[in-house]
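Notes to accompany the following structure.
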Amino acid sequence: MKFEVQGLSVNYGGIEAVRDISFSVNEGEIVTLIGANGAGKSTTLRTIAGLVKSRKGKILFDGEDIAGKDPAYIVGKGITLVPEGRKIFPDLTVLENLRIGAYLRKDNIEDDIEWVYSLFPRLKERSWQYGGTLSGGEQQMLAVGRALMSKPKIMMMDEPSLGLAPLVVRDIFSIIKEVNKNGVTILLVEQNANMALQVADKAYVMETGVITLSGSGRELMDNEGVRKAYLGK
0 MKFEVQGLSV NYGGIEAVRD ISFSVNEGEI VTLIGANGAG KSTTLRTIAG LVKSRKGKIL
60 FDGEDIAGKD PAYIVGKGIT LVPEGRKIFP DLTVLENLRI GAYLRKDNIE DDIEWVYSLF
120 PRLKERSWQY GGTLSGGEQQ MLAVGRALMS KPKIMMMDEP SLGLAPLVVR DIFSIIKEVN
180 KNGVTILLVE QNANMALQVA DKAYVMETGV ITLSGSGREL MDNEGVRKAY LGK
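The end of the sequence shown is residue 232 by numbering that gives the first Met the number 0, with every number in the run present.
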């Protein structure tokens, strides 16, 4: 699996939200984009997912340019997005939410439902509960579980820790590592730069639509500018 963004520019609401960015994600990695609100991180993920159209540039997945393709086509290729704010279906049960994640699949999904339940035992306990009655942390687990039901090669996660208590945030990052260990490559956008850099193999800093810095998670954690701007140190 090879994934690469080349010279991507995106206009969003009349402004240039992303300007000529390039980065790559290798199979099996956790790659994170960090930066302040409005830096263009979420727009980048939404553009890869086909929800926003790019102005120029390429999004190459196994040699194919998927820029501008339909979101369902992109999911079918193996790229899925866990959106900011979770976006689960509140009036459907946990199990129904998981089944919707597999809507493009024609094979048997029961083993994968059990796999998701093994990752998230709390979801199994609540399989007949409506999504809207779950706690914030449980809804985030459900959003991740639903994304995994499409059998992704790359799972993109947009602010998975947003609005969650510190203990729950630790749980979510443990889950990210566990999912990655199970062979899923992860592209992570996260405000909690400290947690994101701890788990990342590779990291990019975005500022006002451009990538200003890149390196391993450890290198960026040790970078004085990053420490002052994003780690509060």
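Virtual Cβ for every residue (Gly too), placed ideally from N, Cα, C.
Between the Cα of residue i and the Cα atoms of the options, which residue gives the shortest distance?
i      : options                           : result
LEU50  : PRO151, ALA66, VAL17 and ASN36    : ALA66
ASN222 : LEU196, GLU206, GLY208 and THR207 : LEU196
ALA16  : SER23, SER8 and PHE22             : SER8
PHE88  : GLY131, LEU219 and PRO151         : GLY131
ARG45  : ASN25, ILE73, ASP64 and LEU141    : ILE73
LYS40  : LEU212, ASN181 and GLU189         : GLU189
GLU124 : GLY144, GLN139, GLY27 and VAL93   : VAL93
LEU187 : TYR11, VAL198 and LYS180          : VAL198
VAL183 : GLN5, ASP19, GLY56 and ASN25      : ASN25
ASP170 : MET220, ARG121 and MET154         : ARG121
ASN181 : LYS152, MET156 and ARG217         : LYS152
ILE210 : GLN5, MET0 and LYS1               : GLN5
VAL204 : VAL30, ASN10 and TYR11            : VAL30
SER53  : GLY62, THR42, SER117 and TYR116   : THR42
ASN96  : GLN128, ASN107, GLY84 and SER134  : GLN128
GLN138 : ASP90, LEU59 and ASN107           : ASP90
PHE119 : ASN107, ARG145 and TYR102         : ARG145
TYR116 : ASP61, VAL178 and LYS76           : VAL178
TYR11  : GLY208, PHE60 and GLU113          : GLY208
GLY77  : LYS57, ALA101 and SER126          : ALA101
ASP61  : GLY75, ASP106 and LYS1            : LYS1
ASP157 : ILE185, LEU133 and LEU166         : ILE185
GLY75  : GLU83, ASP110, PRO165 and ARG104  : ARG104
ARG18  : GLY27, LYS55 and GLU218           : LYS55
Which two residues bound the contiguous alpha helix (DSSP H) that contains residue i?
i      : result
THR46  : 40-47
GLY216 : 216-221
GLY135 : 135-147
VAL81  : Per DSSP, VAL81 belongs to no alpha helix (DSSP H); it is in the beta strand (DSSP E), 78-81.
LEU122 : 120-124
GLY100 : 93-100
PRO165 : 165-180
Residues in its own chain within less than 8 Å of residue i by CB, not counting five upstream and five downstream?
i      : result
GLU206 : GLY34, ALA35 and ALA38
PRO70  : ALA48, GLY49 and LEU50
LYS57  : GLU3, VAL4, GLN5, GLY6, LEU7, ASP64 and ALA66
Looking only at its own chain, which residues have a Cβ that is under 6 Å from the Cβ of residue i, when we skip the five neighbours before and after it?
i      : result
SER23  : GLU3
LEU163 : GLY135 and GLY136
ALA142 : VAL81, ARG85 and ILE87
THR79  : ALA146, SER149, PRO151 and MET154
GLY216 : LEU196, ALA199 and ALA202
ILE112 : LEU97
LEU59  : GLU3
GLY214 : none
VAL225 : LEU219
In the DSSP assignment, what residue or residues form a beta bridge with residue i?
i      : result
GLU15  : ASN10
ALA202 : THR31 and GLY214
ILE185 : ILE29 and MET154
ILE73  : Beta-bridge pairing links ILE73 to no other residue.
GLN5   : LYS57
GLU237 : Lying outside 0 to 232, the shown extent of the chain, residue 237 is not represented and no answer is given.
VAL24  : PHE2
VAL209 : GLU206
TYR116 : Looking at the DSSP assignment, TYR116 forms no beta bridge with any residue, so it has no partner.
With a threshold of 7 Å on Cβ separation, who are the neighbours of residue i within its own chain once the five nearest residues in sequence on each side are excluded?
i      : result
VAL168 : SER160, ASN191 and MET194
ASP176 : As written in the sequence, residue 176 is Lys, which differs from the Asp given in the question. Here the set comprises VAL198.
TYR229 : ILE33 and ALA192
Determine the extent of the beta strand (DSSP E) in which residue i is found, giving its start and end residues.
i     : result
PHE88 : No beta strand (DSSP E) holds PHE88; DSSP gives it neither H nor E.
LEU59 : 55-60
Chain B beta carbons: is any one of them nearer than 8 Å to that of residue i?
i     : result
GLU28 : Within the model displayed, chain B is absent; a lone protein chain is all it includes.
For the ligand NAP, is there a heavy atom less than 7 Å away from the beta-carbon of residue i?
i     : result
VAL51 : By its list of ligands, the structure shown contains no ligand whatsoever, and the ligand NAP lies outside what it can speak to.
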